[in-house]
Every structure is written in structure tokens, then in C-alpha cells.
Amino acid sequence: MTIFLSILGVIGVSASGPIMAATAAPVLAIAFWRNLLGAALMGGPALVSKRAEFAALTRAEYRRLGIAAVALALHFACFITALKLTSVAAATALVCLQVAWIALFNALLGSRPQAAVVAGLGVAFVGVVIITGFDLSLSREALLGDLLALAGGALAAVYQMAGAAARRTLSTGTYTTLCYGACALILVVLCAATGQPIVGFSPAAWAGILAVTLLAQIMGHSVFNHLLAVMSPLVVSMIILLEIPGAAILAAVFLGEQLPLGTYGGLILILVGLAVVIRGQQRRKARLSPVDPGTATAPPPGLGGR
3 MTIFLSILGV IGVSASGPIM AATAAPVLAI AFWRNLLGAA LMGGPALVSK
53 RAEFAALTRA EYRRLGIAAV ALALHFACFI TALKLTSVAA ATALVCLQVA
103 WIALFNALLG SRPQAAVVAG LGVAFVGVVI ITGFDLSLSR EALLGDLLAL
153 AGGALAAVYQ MAGAAARRTL STGTYTTLCY GACALILVVL CAATGQPIVG
203 FSPAAWAGIL AVTLLAQIMG HSVFNHLLAV MSPLVVSMII LLEIPGAAIL
253 AAVFLGEQLP LGTYGGLILI LVGLAVVIRG QQRRKARLSP VDPGTATAPP
303 PGLGGR
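In our numbering, the protein residues as written are 3 to 308.
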């Protein structure tokens, strides 16, 4: 089931860049609507079945939710702006460096990276470079887009780490409802502050907003938020690296962007790097947490209403 959800999540986030790049609506408005609609879609079942969980939220949980929501809002502001300034492949590659940011943040917090993690990251990043070369352009506009995508990756790392902490005690439905809702509130304030309208778009733009909500927000972000209960943020972010070839292929098919020559070779290297990291973490977990046959393990918080 975990593998199936991972594949579903990769397909969802891979669609994010191409759809948002093609959607003729203001940057912050796209982010606002995908979060507001995502909160509404996830919140309906959760509010019915998880009323006790909503009522029992602690101050620590609110703090983690707040950090995740602010990081997510700023991530969207950076990433969607980057998509308008540089290529989908370059913006996606740079924002997916969130896995490196997570490793760096963990190191700063005192968690020394394993040799397997370093090796796996190295192999995966070679694959990233082969796919895109990061497409660093000499034009001021494209360079600004690249820098914004890089900042978006750092913010995505904060979002993933705060989300992983929140998901230890919250179900997916409760967490995503509150996180997306708070993120939408932050974004509507940013829209008002920058003068970006949130209505009055063409039917095609509304179709794009609905598509990115269903595919990227629900099928992508929400699935990965669920997986944070059973995987570390580092492994989840390694899986998200598969968004790079996925987005490049979709942008080539639907937007006419040239497909990087090294897409398939880079994809293989990303998969190899991911396998090395996951295998290394499994061995470390086996060493640190030997199985006690007399101890039952509680299931992680469930998806949606469970």
C-alpha cells in the first residue's frame, strides 16, 4: 500500500509544475485556491469523524501546524513565481532540493547523517544534474526564478519536518484541513497586500486551479502528508525527487518544453539513490529498535476519517 501511495503522490506532484505554469492566474491566487479547496475537500470527512481530535488540539500541535502552514504558504509563493520566470524542469529540480535542506537542517540539529544517506543523496543529485543541469540561465529573469525555486525547496523542507512532527499525533484529515486552511488564510492576506485578485479569471484558468487542487494538492501533498506518519521526512523528500523527471515529461508533452536528453538515465540514478537511502535507514532502524515480540506497535494516524 505504501508503494502504491508513493506512486500516486509522485504522479500528483509531477502535475503541479506544468499545470501551474500553464494557468493564466496570479501566482498567489493559484496557491490560495488550491489550499482553500484542498482544506474544504479534506475537511468535510474529517470534521464529521474527528471532532474530538479537533477539540483536543494542544498548544504544541498548534505551533507545529502554524510553522507548517507559514512554510507552505511561502513555499508556494516562491515556487509558483519561479515557474513563471524559468523552465518547469529547472524550477522543479531546484525546489526538489528540499531533501538536501532536510539533511542540512538535521545536521544543524545534531543528527549526524549516515554514510548511506550521503551516498544515496550524491547518486540522486547526479541524476538531477543529468536531467536538467539545473538549466541555470544568464538572464536576470531566469536567475531570479532559479533562486526563488531554491528558496522554495528550503521552505518545503521546513514544511515537511514540521508536518512529520505534527503527524505523530494527528490524523491526515485533521492535519491537512488545518494546515491547508491556515495556509489559505496567509495567502489571501498576501494577495490583498500585493494587490493580486482572487476572482475574475477565465474558465480555462479556473479549470487549471481545479486540476492542480485535485492532482497536486489532494493526490500529491495529502498523500505525502499521510506517508509522513510511516516514513521519515528525508525518505519522503527522496521520493519527491521523482517529480523532476515526471514534471519534465509532462511539460514536454503538454507545454512543448524540450525533454532533457538525460531524463531516463537521471531517473535510474534517482531511483538507485532512493533505494540506497531507504535501505540504509532500514538497517539503522533495525539496529536501534530491535523487535520485541511482547510489544505491540500502535498504528499511525489514519488517512481521512480513520
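Idealized CB from N, CA, C, for every residue including glycine.
Between the CA atoms of residue j and residue i - distance to the nearest angstrom
i	j	result
residue 13	residue 22	15 Å
residue 289	residue 93	38 Å
residue 205	residue 9	30 Å
residue 89	residue 144	8 Å
residue 113	residue 107	9 Å
residue 287	residue 56	32 Å
residue 260	residue 252	10 Å
residue 231	residue 211	28 Å
residue 170	residue 142	43 Å
residue 74	residue 157	7 Å
residue 26	residue 95	23 Å
residue 161	residue 264	30 Å
residue 131	residue 105	19 Å
residue 47	residue 117	43 Å
residue 82	residue 185	15 Å
residue 199	residue 31	7 Å
residue 115	residue 147	30 Å
residue 165	residue 41	15 Å
residue 69	residue 235	15 Å
residue 149	residue 277	29 Å
residue 7	residue 85	26 Å
residue 91	residue 258	12 Å
residue 126	residue 167	26 Å
residue 79	residue 58	32 Å
residue 38	residue 203	17 Å
residue 154	residue 49	31 Å
Exposure label - residue i; buried when at least 16 CB within 10 Å
i	result
residue 52	buried
residue 16	buried
residue 283	buried
residue 11	buried
residue 266	exposed
residue 119	buried
residue 60	exposed
residue 229	buried
residue 293	Low confidence applies to residue 293: its pLDDT is 47, below 50, so where it sits in the model is not reliable, and the reading given next is rough at best. Classification of residue 293: exposed, given that the 10 Å Cβ count is below 16.
residue 3	exposed
residue 97	buried
residue 196	exposed
residue 5	exposed
residue 66	buried
residue 111	exposed
residue 183	buried
Three-way DSSP call (helix, strand, coil) for residue i in this model
i	result
residue 17	helix
residue 187	helix
residue 205	helix
residue 9	helix
residue 25	coil
residue 199	coil
residue 115	coil
residue 171	coil
residue 55	helix
residue 123	helix
residue 260	coil
residue 240	helix
residue 44	helix
Boundaries (first-last residue) of the alpha helix (DSSP H) holding residue i
i	result
residue 60	No alpha helix (DSSP H) contains residue 60, which DSSP labels as neither H nor E.
residue 143	142–168
residue 248	245–256
residue 101	100–110
residue 231	Premise fails: residue 231 is in no alpha helix (DSSP H) and is neither H nor E.
residue 218	Taken as a continuous stretch (DSSP letters only), residue 218 belongs to no alpha helix (DSSP H), as it is neither H nor E.
residue 1	Look at the range of the chain in this structure, 3 to 308, and you will see that residue 1 is not part of it.
Beta carbon proximity, residue i to chain C, threshold 8 Å
i	result
residue 216	Absent from the structure: chain C. Only one protein chain is present.
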